[in-house]
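**Q**
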Amino acid sequence: MADLKKLAEEIVALTLLEAQELKTILKDEYGIEPAAGGAVMMAGPAAAAEAAEEKTEFDVILVDAGDKKINVIKEVRGITGLGLKEAKDLVEAGGKVKEGAAKAEAEEIKKKLEEAGAKIELK
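Under this note's numbering, the first residue of the sequence shown carries the number 2, and numbering increases by one thereafter.
Take a look at the structure:
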């Protein structure tokens, strides 16, 4: 028989995503649906603590190019390595300039683009 204390510790340590996956496995493969407040809910405090951790990856999103579109296009080209036409299309359409950037890198990109005249969001 499995060490129940170890099993309980592993369940409590599950992330929210892992707890949801466990719930799906129990339901689909074994026909077990946890009752409200069941094992999946027990992982709540650990999952909440993990969710409270600081986000480490950000998407840099161009909301508006502003009045100095040429300066913004130059910065986008430098950041992304895109050609002139692709950078111009991105600036005109808006959208993600960089995906999954580290916090420091995302803030640096945001600063550069805002100095060029663009409106930027980090998500």
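Think of the CB as a built atom: it goes at the ideal place given N, C-alpha and C, for glycine as much as any other residue.
Small disclaimer: the values here were computed from a predicted structure and weren't measured.
Find out if the Cβ-Cβ distance for the pair Glu58, Gly96 is shorter than 8 Å.
**A** In the sequence shown, residue 58 corresponds to position 57, counting from 1. In the sequence shown, residue 96 corresponds to position 95, counting from 1. Their beta carbons are not under 8 Å apart, which means Glu58 does not touch Gly96 by this criterion.
**Q** Below 8 Å on the Cβ atoms is my guess for Val73 versus Ala117; work out the distance and round it to an integer in Å.
**A** Numbered from 1 along the sequence shown, position 72 holds the residue referred to as residue 73. Numbered from 1 along the sequence shown, position 116 holds the residue referred to as residue 117. That belief holds up - the Cβ atoms of Val73 and Ala117 are roughly 5 Å apart, short of 8 Å.
**Q** Label Lys124 either buried or exposed according to how many other C-beta atoms from any shown protein chain fall within 10 Å of its C-beta, with 16 as the threshold for buried.
**A** Taking the first residue of the sequence shown as position 1, residue 124 is located at position 123. With fewer than 16 other Cβ atoms within 10 Å, it is exposed.
**Q** Alpha carbon to alpha carbon, how far is Gly32 from Leu17? Give it in angstroms, no decimals.
**A** Walking along the sequence shown from the start, residue 17 turns up at place 16. Walking along the sequence shown from the start, residue 32 turns up at place 31. If I take the Cα positions, the gap works out to 21 Å.
**Q** Is it true that the CB of Glu19 sits closer than 8 Å to the CB of Val64?
**A** By 1-based counting over the sequence shown, the position of residue 64 is 63. By 1-based counting over the sequence shown, the position of residue 19 is 18. Contact flag unset, no.
**Q** Any idea which residues DSSP pairs Glu58 with across the strands?
**A** Against the sequence shown, residue 58 aligns to sequence position 57. Note: Glu58 sits in a beta bridge opposite Ala103.
**Q** Using DSSP's beta-bridge definition, name the partner residues of Ile121.
**A** Counting from 1 along the sequence shown, the entry for residue 121 is found at position 120. Ile121 is bridged to Leu63.
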